[in-house]
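Undergrad:
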Amino acid sequence: MIKILTTGGTIEGIDSVDEDGIKTSNLTIEDLLSNANVDFDYSIESIFRKDSRAIDENDRALLARKIKETKTTKILITHGTFTMEDTAKYIGKLNLGKTIVLVGSFILGTSKNTDAPFNLGFAISSLQFLKPDVYIAMNGQIFQWENVTKNLETNKFEHNA
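This is the structure we're talking about:
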C-alpha cells in the first residue's frame, strides 16, 4: 500500500499565485493515476492545496504529523517545486523510518507537454525500491534530502556539489 499525500503545486494544476489568488485547473492525482490504468494499492489524502511558495513551517509540521500517523511505510508526497527541497529537508531531519518520496512537475499538469505523468510514475516506481529515508524524484533522477538543490537557472534539481 502506498499512501499519497497531496499538497498542491503545478502537478495538481496550481499554476500561480497573483493578486487575485491561486490560479488552478481541475486536475487531480487521481486523474493521472486513473489515466495510467495503474494496478497497485494506494490511498490519497489531500493535506492542503497550495502553491509551494505559500507553504510554511506550520504546513510542514502538519504534513509530518500525517506521515507519523499513517501505518503505511511507503509515502508519496506531491509538492510544488519552489520549496520542495525545504520540505524534504524538514521531513528528513525527523528521521521517521519510512520511505518518503516528494514529486512535482515543472510544467502545469494540464499542459500538453507536461512532465507530471512521467514524474509521478517514476516517483511511484522508485518509492517501491528505495530504502527508508526522504527523497525527491524529478525528471528521471532521485535525490536524497541531504543532497539536493534546485537550480533556478536551469529549472532542474541537482545533487549538491
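Quick note on numbering: UniProt numbering labels position 78 of the sequence shown as 78, and the sequence is numbered without any gaps.
Quick reminder that beta carbons are idealized off the backbone N, C-alpha and C, glycines included.
(1) Have a look at threonine 87 and glutamate 146 and give me their C-alpha separation to the nearest angstrom.
(2) Are the beta-carbon atoms of glycine 9 and threonine 78 separated by less than 8 Å?
(3) Apart from the five residues on each side of it in sequence, which residues of its chain come closer than 6 Å, Cβ to Cβ, to serine 46?
(4) What are the start and end residues of each continuous alpha helix (DSSP H) run of 4 or more residues lying completely inside the UniProt domain "L-asparaginase N-terminal" (2-151), in chain order?
(5) Leaving out the 5 sequence neighbours to the left and right, which residues in its chain are closer than 7 Å to histidine 159 when beta-carbon positions are compared?
(6) Using three-state DSSP, classify glutamate 158 as helix, strand or coil.
(7) Given arginine 49, which residues of its chain have a CB within under 6 Å of its CB, disregarding the five upstream and five downstream residues?
(8) Among Thr81, Ile91, Leu108 and Ile107, which residue has its Cα nearest to the Cα of leucine 100?
(9) What do you get for aspartate 56, buried or exposed, if any count of 16 or more other CB atoms within 10 angstroms of its CB means buried?
(10) Comparing C-alpha positions only, which one of Met84, Ala54, Ile124 and Leu63 sits nearest to leucine 76?
(11) Buried or exposed for tyrosine 69, please, with buried defined as at least 16 other CB atoms from any protein chain shown within 10 angstroms of its CB.
(12) Inspect the beta-carbon positions of lysine 3 and threonine 83 and report whether they are closer than 8 Å.
TA: Let me spell this out:
(1) Numbered from its first residue, the sequence shown carries residue 87 at position 87. Numbered from its first residue, the sequence shown carries residue 146 at position 146. Roughly 11 Å separates the two Cα atoms.
(2) Your numbering for residue 9 matches position 9 in the sequence shown. Your numbering for residue 78 matches position 78 in the sequence shown. Cβ distance < 8 Å, so glycine 9 and threonine 78 count as in contact.
(3) Translated into the one-based positions of the sequence shown, residue 46 becomes position 46. Here the set comprises Thr6.
(4) 29-35, 57-69, 84-92 and 116-127
(5) Along the sequence shown, read from residue 1 onward, the residue named residue 159 stands at position 159. Its chain contains Phe143, Asn147 and Val148 as the residues whose beta carbon lies nearer than 7 Å to that of histidine 159, once the 5 sequence neighbours on both sides are disregarded; these appear in chain order.
(6) Reading the sequence shown from its first residue, position 158 is the one you call residue 158. Strand.
(7) Here the question's residue 49 lines up with position 49 in the sequence shown. Answer for arginine 49: Gly8, listed in chain order.
(8) Stepping through the sequence shown from its first residue, residue 100 is reached at position 100. The displayed chain sequence assigns isoleucine, not leucine, to residue 100. The option with the nearest alpha carbon to isoleucine 100 is Ile91.
(9) The residue you call residue 56 lines up with position 56 of the sequence shown. Classification of aspartate 56: exposed, given that the 10 Å Cβ count is below 16.
(10) Within the sequence shown, the letter at position 76 stands for residue 76. Cα-wise, what sits closest to leucine 76 is Ile124.
(11) Looking up residue 69 in the sequence shown gives position 69. Per the sequence shown, the amino acid found at residue 69 is glutamate instead of tyrosine. Looking at its Cβ environment, which holds fewer than 16 other Cβ atoms inside 10 Å, glutamate 69 is exposed.
(12) Taking the sequence shown and counting its residues from 1, one reaches residue 3 at position 3. Taking the sequence shown and counting its residues from 1, one reaches residue 83 at position 83. No.
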